[in-house]
Amino acid sequence: MESTAARGGLHQNSLLCPSRGVSSSTSLLSQRSLSSSSFSSLKMKCPQGGNFSKGELQRFGNIELSPSAGVLNYGQGLFEGLKAYMKEGGNILLFRPEENALRIRMGAERMCMPAPTVEQFVEAVKATVMANKRWVPFPRKGSLYIRPLLMGSGAVLGVAPAPEYTFLIYVSPVGNYFKEGVAPINLVVEHELHRATPGGTGGYGLVQDLGRQSCAGQYGLTQSGQNITSVEEWVVIDGIGAEVPVLKAQSAAKAKGYSDVLYLDSVHKKYLEEVSSCNIFIVKDNVITTPAIKGTILPGITRKSIIDVAQIEGFKVEERQVAVDELLDADEVFCTGTAVVVSPVGSITYMSRRLCYGEGFGVVSQQLYHKLTRLQMGLIEDSMNWTLELS
Numbered sequence: 020m021e022s023t024a025a026r027g028g029l030h031q032n033s034l035l036c037p038s039r040g041v042s043s044s045t046s047l048l049s050q051r052s053l054s055s056s057s058f059s060s061l062k063m064k065c066p067q068g069g070n071f072s073k074g075e076l077q078r079f080g081n082i083e084l085s086p087s088a089g090v091l092n093y094g095q096g097l098f099e100g101l102k103a104y105m106k107e108g109g110n111i112l113l114f115r116p117e118e119n120a121l122r123i124r125m126g127a128e129r130m131c132m133p134a135p136t137v138e139q140f141v142e143a144v145k146a147t148v149m150a151n152k153r154w155v156p157f158p159r160k161g162s163l164y165i166r167p168l169l170m171g172s173g174a175v176l177g178v179a180p181a182p183e184y185t186f187l188i189y190v191s192p193v194g195n196y197f198k199e200g201v202a203p204i205n206l207v208v209e210h211e212l213h214r215a216t217p218g219g220t221g222g223y224g225l226v227q228d229l230g231r232q233s234c235a236g237q238y239g240l241t242q243s244g245q246n247i248t249s250v251e252e253w254v255v256i257d258g259i260g261a262e263v264p265v266l267k268a269q270s271a272a273k274a275k276g277y278s279d280v281l282y283l284d285s286v287h288k289k290y291l292e293e294v295s296s297c298n299i300f301i302v303k304d305n306v307i308t309t310p311a312i313k314g315t316i317l318p319g320i321t322r323k324s325i326i327d328v329a330q331i332e333g334f335k336v337e338e339r340q341v342a343v344d345e346l347l348d349a350d351e352v353f354c355t356g357t358a359v360v361v362s363p364v365g366s367i368t369y370m371s372r373r374l375c376y377g378e379g380f381g382v383v384s385q386q387l388y389h390k391l392t393r394l395q396m397g398l399i400e401d402s403m404n405w406t407l408e409l410s
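With this note's numbering, the residue at position 289 of the sequence shown is 308, and numbering never jumps.
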């Protein structure tokens, strides 16, 4: 795996899906990457009720777990995702790693797990990236995807918190999402299946989202002992199996030629929520609107950043319930996520009617994409203090 990749040039056929998960058509980690011991990973452990140990760097490889590990039986697990970019001159930029740290801490509390402090999380990410510096693609050629995992690794047979927890980080170089020009995605609205439900964990990065399926992750929530009665009290996190329930609808959509699925709320079945693994925005008369975060939608860090950038650029941004009928006269529709940053939506099929929005970026989405990606790559001044530079 030396040659171009070892020099930072990359090219692996491994691209992230627009956000938390991995596209079914392009894997985040190629088989070549998955079997490589050339990468370094970082691992920290914590006993129940204790503190996380100092992180240890090691060669990337398989991990050993008891068959009765909490993560395998009861779904006690979370994941995050962020990227590192190489600047001209060789320094490396991380984009808002503290936001990922805060989000994984929210999810850990929800799942009755200890979590690294924000400082521990950020330092662990920095150490992992620097240990894999040679794998960071050259400027504008891609990025290094970083995947933190937090799991109940201790053996437990019964509905109870695991006796031990493991936090680990691994990486993979990824190419630019739009390698050969912008390719708008084509979505279909799903009416029957739902990505998340109120009282579930669609807004978390869970090993398994209970609101979507009654699976192992259900016990992880039971352990927390929380009695949540209002949708507004729930926060969405990214779990290890959180994306699994979307596979049925997504596979069916892809078989019909669509890129992905746009989900509606599970209560009224008329309000937009998310695409399988990314947030959605619509533009009408230069007003940008996105579904409000109310427990069934993951609070995407790219989503949050796009909202801030849009407001700085002078756009009005509304976070509210967005009725599916608003798609009928939208000027632009776009998605946001870690890998793609901003992806234009070319069409949405709703009730057998195809709504078209163009063959590429709209004026608004192009402006936001250009601004945020240049900031992430260090091509413009970071007046937001969002990037962390490693030398």
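Ideal Cβ placement from N, Cα and C applies to all residues, glycine included. None of the values given here were measured: they were computed from a predicted structure.
The shortest CA-to-CA distance from Ser410 to any of Phe98, Asn70, Leu84, Ala103 is the one to Ala103.
DSSP lists Cys65, Gly171 as the beta-bridge partner residues of Tyr184. Fewer than three pairs of CB atoms, one per stretch, sit closer than 8 Å, so the region 168-176 makes no contact with the region 313-327.
For Phe140, the uninterrupted alpha helix (DSSP H) run begins and ends at 137-150, by DSSP.
DSSP links Met130 through a beta bridge to no other residue. Minimum Cα-Cα distance from Met130 among the listed residues Asp284, Tyr189, Val90 corresponds to Val90. Taking the CA atoms as reference points, Thr315 sits about 15 Å from Ala342. One Cα belongs to Phe157, the other to Lys106, and the distance between them is close to 8 Å.
Contiguous beta strand (DSSP E) elements confined to the region 78-131 occur at 96-98, 101-105, 111-114, taking only those with 3 or more residues. For Leu317, there is no enclosing alpha helix (DSSP H), as DSSP marks it with neither H nor E. In this structure the region 366-373 does not touch the region 397-407; the number of beta carbon pairs closer than 8 Å is below three.
The alpha-carbon of His389 is positioned some 12 Å away from that of Gly381.
Under a 10 Å Cβ-count criterion, Glu99 is classified as buried, with 16 or more other Cβ atoms of the shown protein chains found around its own Cβ. Linking Glu128 to Asn92 through their CA atoms gives a straight-line distance of about 19 Å. For Thr392, the enclosing alpha helix (DSSP H) begins and ends at 382-395. Counting only runs of at least 3 residues, the region 271-352 fully encloses the following beta strand (DSSP E) elements, listed from N- to C-terminal order: 279-283, 291-294, 298-303, 306-310, 335-339.
Tyr282 has its alpha-carbon roughly 19 Å from the corresponding atom of Thr321. Taking a C-beta distance under 8 Å as the contact criterion, Tyr189 and Ser60 qualify as a contact pair.
With contacts defined as CB atoms closer than 8 Å, Leu387 and Leu346 fail to qualify as a contacting pair. Residue pairing of Thr406 in beta bridges, as defined by DSSP: Phe114.
Collapsing the DSSP output to three states places Arg372 in a strand. Taking every protein chain shown into account, the CB of Gly109 has fewer than 16 other CB atoms within 10 angstroms, so this residue is exposed. Burial of Thr147 is indicated by the presence of at least 16 other C-beta atoms within 10 angstroms of its C-beta. According to the DSSP assignment, Asn205 belongs to the beta strand (DSSP E) that extends over 204-209. When Gln95, Glu142, Met132, Glu83 are compared, the shortest CA-CA separation from Gly74 is found for Glu142. Checking the DSSP bridge columns, you'll see Ile399 has no partner listed.
For Asp284 against Tyr290, the beta-carbon gap comes to about 4 Å, under 8 Å, which counts as contact. Of the residues Phe114, Val137, Leu113, Leu112, the one whose Cα lies closest to the Cα of Ile123 is Val137.
By the Cβ-count criterion, Glu183 is buried, with 16 or more other Cβ atoms from all chains shown falling within 10 Å of its own Cβ. Taking 8 Å as the cut-off, the Cβ atoms of Pro310 and Pro203 do not count as close.
Of Gly377, Lys267, Ala181, the smallest CA-CA separation from Ser87 is found for Ala181.
Leaving aside the five residues that flank Gln139 on each side, the residues in its chain whose CB is nearer than 7 Å to its CB run, in chain order, Phe71. Comparing alpha-carbon positions, the option among Lys267, Ile301, Leu176 lying closest to Glu211 turns out to be Lys267.
Its Cα nearest to that of Gly333, the residue Val383 stands out among Val359, Val383, Lys64.
In the structure shown, Val201 falls within a coil segment according to DSSP collapsed to helix, strand and coil.
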